[in-house]
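Novice: In terms of the numbering used here, the sequence shown opens at residue 196 and continues consecutively.
Backbone N, C-alpha and C define an ideal beta-carbon position, used for all residues, glycine too.
Here the structure is a predicted model, which is why all the values come from computation and not from measurement.
What follows is a single structure, and I will ask about it in a moment.
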Amino acid sequence: MCLKWTFDRLMALIGLLILWPILLVVALLIRVKMPGGPVIFTQKRVGKGGKLFTCHKFRTMTVKHGGSTVSVAGDNRITPLGAKLRHYKLDELPGLWDVFVGNMSFVGPRPDVPGYADQLKGDDREVLELRPGITGPATLKYRREDEMISEYVAQKQSEGDTRSTQIIAEEYNDTVLFPDKVRINRYYLHNYSFIKDLQMIIWTVLGKHMYYGGEII
């Protein structure tokens, strides 16, 4: 993991130095198209060892919104510009700072809000040995997560489920998506490969799938 630690910090620094013009343009667009709120969205997330850290992203939602941390495709909390930033993963660019300071890695489990990863039980808690990642095997497998949740909600509602969209979305996330992400991340921990890390980073940028752990992600 020493190679991973060195790679993360070096590449994060290079990324910040090279991509600062894009960071500036995105920041200006948010300031113009989404006025009245911060450019950078910060939130406490669960990091390595279960310790909380401040995660940084470009803001993609309206200033005054409430509700679940689980979002679905077409969520009215997400602005038109925010939807584009999410689609092209540009909202993740400030995460380079989190990697550089050591709170995150390029590859690992997605950083969860308190109430998920920190509540894991038994062997599943070993996932907390990993630093959260900008991308990773679970991120690749569920790159269409918003759309998948939206499809599930639509199916349940077509079957006569009268619960709210957010409640149905949270049910799908808590009973299907999150447990499977934990499974994949545990596999990643026990079968770590720096070469696979590089492949996941490249495949994330290219938007392609790869074979990993006996499945296509």
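Taking the beta carbon of VAL227 as the centre, do at least 16 other beta carbons fall within 10 Å, making it buried, or is it exposed?
Specialist: Residue mapping note: residue 227 aligns to position 32 of the sequence shown, counting from 1. It counts as exposed.
Novice: So, does the region 312-332 touch the region 239-252, judging by three or more C-beta pairs under 8 Å?
Specialist: Inter-segment contact for the region 312-332 and the region 239-252 is present: three or more beta-carbon pairs are separated by less than 8 Å.
Novice: Quick one: is LYS344 buried, meaning 16 or more other Cβ sit within 10 Å of its Cβ, or exposed?
Specialist: Counted from its first residue, the sequence shown places residue 344 at position 149. Checking the displayed sequence, the identity of residue 344 turns out to be Ile instead of Lys. Note on ILE344: 16 or more other CB atoms within 10 angstroms of its CB, so buried under the neighbour-count rule.
Novice: Assign LYS403 to buried or exposed, taking buried as 16 or more other Cβ atoms, counted over all protein chains shown, within 10 Å of its Cβ.
Specialist: Sequence index remark: in the sequence shown, residue 403 carries index 208 (1-based). When all chains shown are included, LYS403 counts as exposed.
Novice: Pull up the DSSP beta-bridge partners for SER300, would you.
Specialist: The residue you call residue 300 lines up with position 105 of the sequence shown. Beta-bridge pairing links SER300 to GLY328.
Novice: On a Cα-Cα basis, can you pick out the residue from ALA278, VAL258 and MET206 that is closest to ARG339?
Specialist: Residue mapping note: residue 339 aligns to position 144 of the sequence shown, counting from 1. Nearest of ALA278, VAL258 and MET206 to ARG339, Cα basis: ALA278.
Novice: Kindly identify the DSSP beta-bridge partner or partners of GLU410.
Specialist: Against the sequence shown, residue 410 aligns to sequence position 215. According to DSSP, GLU410 bridges with TYR407.
Novice: Quick check: the Cα distance between ASP286 and ILE217, rounded to an integer number of angstroms?
Specialist: Position 91 of the sequence shown, counted from the first residue, corresponds to residue 286. Position 22 of the sequence shown, counted from the first residue, corresponds to residue 217. Roughly 11 Å separates the two Cα atoms.
Novice: For the beta strand (DSSP E) containing THR249, list its first residue and its last residue.
Specialist: For this step, residue 249 is matched to residue 54 along the sequence shown. Run containing THR249: 247-253, per the beta strand (DSSP E) assignment.
Novice: Quick check on the DSSP output: the alpha helix (DSSP H) that includes ILE396 runs from which residue to which?
Specialist: Against the sequence shown, residue 396 aligns to sequence position 201. Residues 389-401.
Novice: Could you have a look at THR237 and say whether DSSP puts it in helix, strand or coil?
Specialist: Taking the sequence shown and counting its residues from 1, one reaches residue 237 at position 42. Strand at THR237.
Novice: Taking a contact to mean a Cβ-Cβ separation below 8 Å, would you say GLY290 touches ARG254 in this structure?
Specialist: Indexing the sequence shown from 1 puts residue 290 at position 95. Indexing the sequence shown from 1 puts residue 254 at position 59. Their beta carbons are not under 8 Å apart, which means GLY290 does not touch ARG254 by this criterion.
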